[in-house]
Amino acid sequence: MKLNKDLNKICGILLAKTLKDLYEDVALGDIEVGDANLANEYGFSYSFNCKERINKELFPKIIKQMKKNIDRAYKISYEKISNGQALDIFKDDQFKLELINDRKGKIDVVKFGEDFVDLCEQLSINKLSSIKKIELVNVAGVYWRHNANNVQLQSISGVAFENDEQLTAYQQEIKDRQERDHRNINNKMELFAFDLMAGQGLPFWLPNGAAIKYEIDNYIHRLLQMNEYMYVETPLLGTKQLYETSGHWFHYRENMFPSFNIDEITQVLRPMTCPHHLLVYKMKPRSYRELPFRVYENAILHRYESSGSLTGLERVRQMRLIDCHIVCTHDQIKEVVSKHYAIIKQAAETLGITSYYSIDLSLHDKNDKKKFFDNEQLWEAAENNLRKVLKGMDIKYNECVGEAAFYGPKIDIQIKTALGHIITAFTVQLDFLLPQKFDLQYKDQSGSIKQPVLVHASVIGTLERFMSILLEQNKGVFPLWLAPVQVEIIPVDNKKHLHGCQKIHQSLLNNLIRSKLIDSDDRLSKKIRDAQVRKVPFQLVVGDKEIESNEISYREYGKQDSVNLSLDNFVKLLKERINEHK
1216 MKLNKDLNKI CGILLAKTLK DLYEDVALGD IEVGDANLAN EYGFSYSFNC KERINKELFP
1276 KIIKQMKKNI DRAYKISYEK ISNGQALDIF KDDQFKLELI NDRKGKIDVV KFGEDFVDLC
1336 EQLSINKLSS IKKIELVNVA GVYWRHNANN VQLQSISGVA FENDEQLTAY QQEIKDRQER
1396 DHRNINNKME LFAFDLMAGQ GLPFWLPNGA AIKYEIDNYI HRLLQMNEYM YVETPLLGTK
1456 QLYETSGHWF HYRENMFPSF NIDEITQVLR PMTCPHHLLV YKMKPRSYRE LPFRVYENAI
1516 LHRYESSGSL TGLERVRQMR LIDCHIVCTH DQIKEVVSKH YAIIKQAAET LGITSYYSID
1576 LSLHDKNDKK KFFDNEQLWE AAENNLRKVL KGMDIKYNEC VGEAAFYGPK IDIQIKTALG
1636 HIITAFTVQL DFLLPQKFDL QYKDQSGSIK QPVLVHASVI GTLERFMSIL LEQNKGVFPL
1696 WLAPVQVEII PVDNKKHLHG CQKIHQSLLN NLIRSKLIDS DDRLSKKIRD AQVRKVPFQL
1756 VVGDKEIESN EISYREYGKQ DSVNLSLDNF VKLLKERINE HK
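In the working numbering, the protein residues as written are 1216 to 1797.
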């Protein structure tokens, strides 16, 4: 939902004036528009320092004062003033002075009558009455200029609307996003949990979530093995020397867990497996006949994320990644990348990911020699190879300068989450650098020694992030083969029908069907309703008729009609659907 960006910016500045009206010693920070945590493209947030801690209970009071300021019909004027004038106007505002000192040339300001002035460029809004509705969304602590070394301020975020229709649409979008938020879905389905006693960002997979995880893992294993990928397992630790060789120690250190010494050797929990897989490749001489050399691993990785960025399963500190690496010749790049992209597409469709936000070609910034390795010839060759692959597959993509990995460009498939975050779901990365650093070699047809290329790839990204995406797209409605509980058996009367239900339950378990027997003392109507809330694919209600006829009566989730079938045929039906990933 896109709203008026200028309207939201002027409303944010109105909020700043209102805070000055209501509270003493308010030091204004800065305004941001298009806050990613809001449920639209153009909300606003304003940071400030205040002796009084503002909470959501104070929002009605703040909005009331904002409306009074709108009714005062201040004349809005925009001006360009000299740097010296700006420094004089804001001489008592430490945060504004910092912003002014960072800017060159004339300074843009906005005035509300003669009472209030703030930093702001020329906008299309010239009267406060253009703001018809205001919604304050959240208040949070933020570091000044998003730098953890700076002072922490408060920040209020909100949304401004031009009419009632926009507000109604916004409220509906908020409701939809709350329903899709994977953390809210998890509250009902009990898939995962966190416990601070174990540590922040370290997920527990509960029985329901572990069942889904197990099926996804098995599916990806089979898919990769059918495409000639070889499974390996490598150590959870790596030495400092290993990561110095790969370059991660210098380019990725802030995202690695603290190192520790064992037998006077510095080691660290691994954040990725590429260095380990290259050591596997180097364990014996390789021939061109072995290329492409494809390996993968269901790897446990540890990456340090700041506590403020941890968001359910979307961003965690311990993760599972089915990590793939392909060593190939230069001539094989197009075939290897195209084939792996097709694997990603097949997996996404089978697992129920139906919509992407964008497909990005992430490139290096040739002016940033610190973040990216300094070899323009290698960068140009790698980036042009990926362009050819995308164009050859007729894929529309965006070029994003400065978003590459330090070792090479990548194709990133992006998803927009319910919280408005743009996250990478799937990726394929081309790397000319690490084969050099690890001195990878192969013998070609003529017997000459050549250096190969490395392709880094995932199929579904980290399992944790993938699960958050999947829950938000399917709202917790899983197909039969992925559902944590595939069948719930509900006796009409526990005293009369429980024994018969237990026999059916055991028969399903013997056929590796995830069955659950509901033997609570709740009313039948409640047990049926609860199964619907849990979105269980099949419900069996067992009463006198079913016991006497030796048949079962089932109802599928989302359907009203019940179907009668022999137990053997019911099992056959389930197995067929599971095998077809339905």
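We put the beta carbon where it would ideally sit given N, CA and C, even for glycine.
(request) Kindly confirm or deny that the segment 1604–1621 and the segment 1524–1540 touch, where touching means at least three C-beta pairs closer than 8 Å. (result) no
(message) On the criterion of 16 or more Cβ atoms from any shown chain inside 10 Å, does alanine 1251 qualify as buried, or is it exposed?
(response) Confidence is the limiting factor: at alanine 1251 the pLDDT is only 45, short of 50, which leaves the residue's position unreliable and the question unanswerable from this model.
(request) Taking all protein chains shown into account, decide if valine 1702 is buried (16 or more other Cβ within 10 angstroms of its Cβ) or exposed. (result) buried
(message) Classify isoleucine 1515: buried if its beta carbon has 16 or more other beta carbons within 10 angstroms, exposed otherwise.
(response) exposed
(request) Tell whether a beta-carbon distance below 9 Å holds between valine 1756 and leucine 1780. (result) no
(request) State the start and end residues of the unbroken alpha helix (DSSP H) segment that holds phenylalanine 1327. (result) Where phenylalanine 1327 is concerned, there is no enclosing alpha helix (DSSP H), although the beta strand (DSSP E) it sits in stretches over 1322–1327.
(message) If you reduce the DSSP assignment to three classes, tell me which class tyrosine 1358 lands in.
(response) strand
(message) Let me confirm a value: aspartate 1275 is counted as buried when at least 16 other C-beta atoms fall within 10 Å, else exposed. Which label applies?
(response) Looking at the sequence itself, residue 1275 is proline, so the reference to aspartate does not match. Residue burial annotation: proline 1275 is exposed, with fewer than 16 other C-beta atoms found within 10 angstroms of its C-beta.
(message) On the criterion of 16 or more Cβ atoms from any shown chain inside 10 Å, does glutamate 1388 qualify as buried, or is it exposed?
(response) Within a 10 Å sphere around the beta-carbon of glutamate 1388 sit fewer than 16 other beta-carbons, which makes this residue exposed.
(request) Examine the Cβ distances between the segment 1392–1399 and the segment 1683–1693 and report whether three or more of them are shorter than 8 Å. (result) yes
(message) Let's test the definition: count the other Cβ atoms within 10 Å of the Cβ of valine 1374 and tell me whether it reaches 16, buried, or not, exposed.
(response) By the neighbour-count rule (16 or more Cβ atoms within 10 Å), valine 1374 is buried.
(message) Looking at the secondary structure, which residues open and close the alpha helix (DSSP H) in which tyrosine 1429 lies?
(response) 1422–1441
(request) Using alpha carbons as the reference points, say which of Ala1698, Tyr1446, Leu1351 and His1712 lies closest to glycine 1567. (result) Ranking the options by Cα distance to glycine 1567, first place goes to Ala1698.
(message) Going residue by residue through the segment 1218–1303, where are the continuous beta strand (DSSP E) segments of at least 3 residues, counting only ones entirely within it?
(response) 1242–1248, 1259–1264 and 1291–1296
(request) Helix, strand or coil for proline 1418, going by three-state DSSP, please let me know. (result) coil
(request) Output the distance between the C-alpha atoms of tyrosine 1622 and valine 1495, rounded to the nearest integer angstrom. (result) 20 Å
(request) Measure the C-alpha to C-alpha separation of lysine 1232 and leucine 1343 and round it to an integer number of angstroms. (result) 12 Å
(message) Let's see if you can read the secondary structure: which residues bound the beta strand (DSSP E) around methionine 1534?
(response) 1533–1543
(message) Using DSSP's beta-bridge definition, name the partner residues of glycine 1513.
(response) It should be pointed out that residue 1513 corresponds to asparagine in this sequence rather than to glycine. In DSSP, asparagine 1513 forms a bridge with Ile1537.
(message) Quick check on the burial criterion: 16 or more other C-beta atoms within 10 angstroms. Buried or exposed for alanine 1301?
(response) Burial is judged here by how many other beta carbons sit within 10 angstroms of a residue's own beta carbon; alanine 1301 has at least 16 and is buried.
(request) Would you kindly report the start and end of the unbroken alpha helix (DSSP H) that includes glutamate 1761? (result) From DSSP, the alpha helix (DSSP H) with glutamate 1761 extends over 1759–1764.
(request) Hey, could you find the ends of the alpha helix (DSSP H) alanine 1746 is sitting in? (result) 1739–1748
(request) Report the three-state DSSP secondary structure of glutamate 1564 (helix, strand or coil). (result) When DSSP states are grouped into helix, strand and coil, glutamate 1564 belongs to the helix group.
(request) Determine the contact status of isoleucine 1277 and isoleucine 1285, defining contact as a CB-CB distance below 9 Å. (result) no
(request) Could you pull the start and end residues of the alpha helix (DSSP H) that leucine 1649 belongs to? (result) 1648–1652
(request) Enumerate, from N- to C-terminal direction, the unbroken alpha helix (DSSP H) stretches of 4 or more residues contained entirely within the segment 1562–1611. (result) The segment 1562–1611 is shown to contain whole alpha helix (DSSP H) runs of 4 or more residues at 1591–1607, in chain order.
(request) Could you check what DSSP says for histidine 1491 in three-state terms: helix, strand or coil? (result) helix
(request) Name the two residues that bound the continuous alpha helix (DSSP H) containing glutamine 1386. (result) 1379–1395
(message) Let's test the definition: count the other Cβ atoms within 10 Å of the Cβ of leucine 1457 and tell me whether it reaches 16, buried, or not, exposed.
(response) buried
(request) Look at the alpha carbon of proline 1450 and the alpha carbon of tryptophan 1420, and state the distance between them as a whole number of angstroms. (result) Taking the straight line from one Cα to the other gives about 22 Å.
(request) Spatial neighbours of lysine 1266 within its chain, please: CB distance less than 8 Å, with the 5 preceding and 5 following residues excluded, ordered by chain position. (result) Result list for lysine 1266: Tyr1238, Glu1239 and Asp1240, in chain order.
(request) Just mark histidine 1361 as buried or exposed, buried being the case when its beta carbon has 16 or more other beta carbons within 10 Å. (result) With fewer than 16 neighbouring CB atoms inside 10 Å of its own CB, histidine 1361 falls in the exposed class.
(message) For a test of the three-state rule: what should DSSP assign to asparagine 1784, helix, strand or coil?
(response) helix
(request) From the DSSP output, read off the bridge partner residues of aspartate 1627. (result) Asp1575 and Thr1642
(request) Can you check DSSP and say which residues form a bridge with isoleucine 1664? (result) Lys1658
(message) Quick check: what's the CA-CA separation for valine 1366 versus aspartate 1307?
(response) 17 Å
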